[in-house]
Structure formats: C-alpha cells, structure tokens
C-alpha cells in the first residue's frame with residue numbers, strides 16, 4: 002500500500018513549507034515540509050542553503066517510502082487507505098521508531114481499532130511541551146483513521 006495524495010496533502014498542510022533550515026520544537030534541524038533528512042539520507046543542517054518548494058516535495062516523497070514501509074512492516078492487521086494514510090502521517094511526524102514502540106500499534110495489532118484511535122491524542126508533545134499544532138494534527142490523523150473506506 003502507498004500513501005494517497007490525501008496523505009501528502011495532510012503532511013503539507015500540517016508541516017507548512019519552509020525553504021530555510023530551522024529547528025523544530027524538538028530541536029532537530031528541519032527543512033521544507035518537515036524533513037529532517039534529504040532524499041539521499043543526509044541529515045539537515047542549519048547551515049544548509051534554502052530549497053525550493055519543488056525540491057521540498059521531492060524530498061518528502063522520497064523519504065515517505067521509508068514511512069510507508071515501516072507502517073507495512075509493523076502493522077499486522079488489514080488497513081483501509083485512510084488508516085494507512087493516518088499512520089504514515091503519524092510516522093512521518095513522530096518517527097517510525099515511535100510508531101513501532103507505541104501503544105497505538107500494540108492496540109491496533111490486537112484489532113482494538115477504537116482504542117488505537119484514542120492513542121493519537123497522546124502524541125501531542127514536542128520538546129517536552131504540549132503543542133497546539135500537534136493537538137490539531139493528531140485530531141486530523143484520528144479523524145482520518147476512523148473514516149470508513
């Protein structure tokens with residue numbers, strides 16, 4: 002399964018485009034649409050030159066493959082496209098390792114879909130602080146996850 006155009010649009014809307022490297026709330030150098038690394042795997046550095054929106058989209062799509070693969074590898078139950086997209090967005094933002102070790106995944110793999118959906122709301126902290134942007138994003142992910150195919 003691959004992320005849909007809707008997933009890409011969700012990432013773009015939640016991340017916003019930033020041409021210059023910046024520190025995200027967790028203190029990680031980031032660029033474009035929330036990318037912490039480039040398509041070739043190099044980590045973003047604050048000294049890197051600015052990029053265009055076209056390059057940011059290319060980076061996002063290239064790195065999305067890793068998150069799609071992680072969701073496919075870690076989830077052992079059937080997913081509809083909306084659920085897959087919500088989990089890919091979550092992994093893109095919170096990290097594939099956080100998805101792998103999450104109660105969200107554990108509950109999902111136990112077919113406890115409703116309880117798993119509730120777990121999105123627990124992932125609203127960045128740099129140790131509750132962030133409004135993450136509260137909104139997790140709500141959007143949960144809404145998407147709960148949509149019937």
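Numbering (this note's numbering), first residue to last: 2 to 150.
Where a beta carbon is used, it is the ideal one built from N, C-alpha and C, also for glycine.
> Which whole-angstrom value describes the C-beta separation of residue 87 and residue 142, a residue pair presumed to lie in contact below a C-beta threshold of 8 Å?
Replying inline: 4 Å
>> Could you compute how far the alpha carbon of residue 74 sits from the alpha carbon of residue 118?
In response: 19 Å
>> Going by DSSP in three states, residue 46 sits in which element: helix, strand or coil?
In response: coil
> Quick one: Cα of residue 4 to Cα of residue 10, how far?
Replying inline: 10 Å
>> What residue range does the alpha helix (DSSP H) around residue 74 cover?
In response: 54–75
> Contact between the stretch 18–31 and the stretch 50–62: three or more CB pairs below 8 Å?
Replying inline: yes
> Is residue 105 near residue 26, with beta carbons less than 8 Å apart?
Replying inline: no
> Just how far apart, CA to CA, sit residue 2 and residue 82?
Replying inline: 8 Å
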